[in-house]
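Going by the working numbering, the sequence shown opens with residue -18, and the numbers climb by one from there.
In this text, a Cβ means the ideal position worked out from N, Cα and C, and glycines have one as well.
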Amino acid sequence: MGILDKTFDTEFVVCAIDIGVAVSSVSFLHVKPGDDFEALHDKVYRVSKWPFHKDRTTDIPFALCYRNGKAIKNRMGANAKPPGPGEDWVVVKNFKTFVTTLGSDDTSNESLPPGVTLARVYEDWLKFLFDAGSEAFVEQFDVPGDVWERRMCVFISPNEWGKAEQANVRKIIHRAGCIEYDEHVRFTRESEATLHYCLYHGLADQLTAPVGLEFFVCNSGITTDIGFFKVISTDPLEFEEVSAAISLNLGSTDPDDFSAVNLIEAKIREKKRKTATHPKVIAPLRGPADFGVNE
-18 MGILDKTFDT EFVVCAIDIG VAVSSVSFLH VKPGDDFEAL HDKVYRVSKW
32 PFHKDRTTDI PFALCYRNGK AIKNRMGANA KPPGPGEDWV VVKNFKTFVT
82 TLGSDDTSNE SLPPGVTLAR VYEDWLKFLF DAGSEAFVEQ FDVPGDVWER
132 RMCVFISPNE WGKAEQANVR KIIHRAGCIE YDEHVRFTRE SEATLHYCLY
182 HGLADQLTAP VGLEFFVCNS GITTDIGFFK VISTDPLEFE EVSAAISLNL
232 GSTDPDDFSA VNLIEAKIRE KKRKTATHPK VIAPLRGPAD FGVNE
């Protein structure tokens, strides 16, 4: 992963989509020849303007309302409220917990309204995110038509997803209009995304120990993701995954929550990775995301 030193020689647009359990976010990046990784960080456009929402926010609640099997355009995100007297819509939220079914042909799900599948929910939500985000993006950036047509989509996927889930979601992303061609979708696992976020925000400067150093990255919020890596080169800085990432349907937004810390340590011991009894926290990041290095 020598990406920190990379300089690009082509022009392209990337749309990154992160669908979480509670909130989602969308970012765009217009890359031009000569741009390097360091400079691009300040060029990332994080969508904060959403249809029918007065408040600006980069994290929009992951919720939709359906009536007669169709999504209601003005009842998405923060506007997805329970129906009042005489109102007949159904609120759908927290459905990321069912993502494993995206890898199968099973369309039944008792938690969804009649006639609505999980794939349909993802398509409707992706279309909402991309349409709103792309409209805001093109208002501020002058992107040539042919460059926009070749845009790439990076989708942050759960650690446990395999080829079946990716194949189905690739089709959903295409149907939602996020890309023009199926092959322009790239998947990045949650643990990998957290690693790269940490690299830019200080981890790269801290990994000065010899090649072979093992470390883990933990991102804990409503859910917890733990990735295990090892330094295989310091010039350029490169890593490899040394154990399968862990995903837990529980977590904590409190960095002093010792029950969460104990759980993380127990899971690391299960993986038989070398680690300190109390991992060294190099730096707290946005929210609960921290990274630890073996002492």
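Could you spell out the range, first to last residue, of the beta strand (DSSP E) harbouring residue i?
| i | result |
| --- | --- |
| residue 208 | 205 to 215 |
| residue 135 | 133 to 138 |
| residue 198 | 195 to 201 |
| residue 188 | Looking at the DSSP string, residue 188 is not in any beta strand (DSSP E), and its letter there is neither H nor E. |
Contact check, residue i vs residue j under 8 Å by CB: the rounded distance?
| i | j | result |
| --- | --- | --- |
| residue 136 | residue 168 | 5 Å |
| residue 161 | residue 130 | 5 Å |
| residue 3 | residue 64 | At roughly 21 Å, the Cβ-Cβ gap does not stay under 8 Å, so residue 3 and residue 64 are not in contact. |
| residue 26 | residue 118 | 6 Å |
| residue 11 | residue 150 | Not really, about 24 Å apart at Cβ, beyond 8 Å. |
| residue 128 | residue -6 | 6 Å |
| residue 44 | residue 61 | 4 Å |
| residue 301 | residue 219 | What the structure shows of the chain is the stretch from -18 to 276, and residue 301 is not part of that stretch, so it cannot be assessed. |
| residue 206 | residue 226 | 6 Å |
| residue 113 | residue 31 | 5 Å |
Where does residue i land, buried or exposed, given buried means 16+ other C-beta within 10 angstroms?
| i | result |
| --- | --- |
| residue 6 | buried |
| residue 250 | exposed |
| residue 101 | buried |
| residue 115 | buried |
| residue 208 | buried |
| residue 37 | exposed |
| residue -9 | exposed |
| residue -3 | buried |
| residue 75 | exposed |
| residue 175 | buried |
| residue 87 | Low confidence applies here, because residue 87 scores a pLDDT of 49, under 50, leaving its location unreliable; read the following figure in that light. Label assigned to residue 87: exposed. |
Could you spell out the range, first to last residue, of the alpha helix (DSSP H) harbouring residue i?
| i | result |
| --- | --- |
| residue 179 | 171 to 179 |
| residue 145 | 144 to 156 |
| residue 115 | 99 to 121 |
| residue 219 | No alpha helix (DSSP H) contains residue 219, which is instead part of the beta strand (DSSP E) from 218 to 229. |
| residue 163 | Residue 163 -> no alpha helix (DSSP H), and no H or E assigned at all. |
| residue 127 | 126 to 130 |
Taking just the CA atoms, how far does residue j sit from residue i?
| i | j | result |
| --- | --- | --- |
| residue 184 | residue 191 | 15 Å |
| residue 187 | residue 193 | 14 Å |
| residue 158 | residue 108 | 7 Å |
| residue 182 | residue 17 | 16 Å |
| residue 57 | residue 99 | 16 Å |
| residue 97 | residue 51 | 8 Å |
| residue -12 | residue 28 | 25 Å |
| residue 103 | residue 134 | 15 Å |
| residue 93 | residue 105 | 14 Å |
| residue 33 | residue 70 | 17 Å |
| residue 217 | residue 179 | 17 Å |
| residue 14 | residue 8 | 20 Å |
| residue 204 | residue 228 | 7 Å |
| residue 197 | residue 23 | 27 Å |
| residue 154 | residue 163 | 8 Å |
| residue 277 | residue 126 | The question about residue 277 has no answer here: the residues shown for the chain are numbered -18 through 276. |
| residue 0 | residue 139 | 10 Å |
| residue 280 | residue 66 | Absent from the model: residue 280. The displayed extent of the chain is -18 to 276, so no value can be given. |
| residue 39 | residue 211 | 32 Å |
| residue 247 | residue 201 | 15 Å |
| residue 55 | residue 146 | 29 Å |
| residue 173 | residue 142 | 13 Å |
| residue 95 | residue 132 | 35 Å |
| residue 177 | residue 122 | 25 Å |
| residue 53 | residue 68 | 12 Å |
| residue 73 | residue 199 | 29 Å |
| residue 195 | residue 215 | 13 Å |
| residue 120 | residue 49 | 34 Å |
| residue 156 | residue 35 | 28 Å |
Residue ranges of each alpha helix (DSSP H) within the region -3 to 71, 4 or longer: 18 to 21
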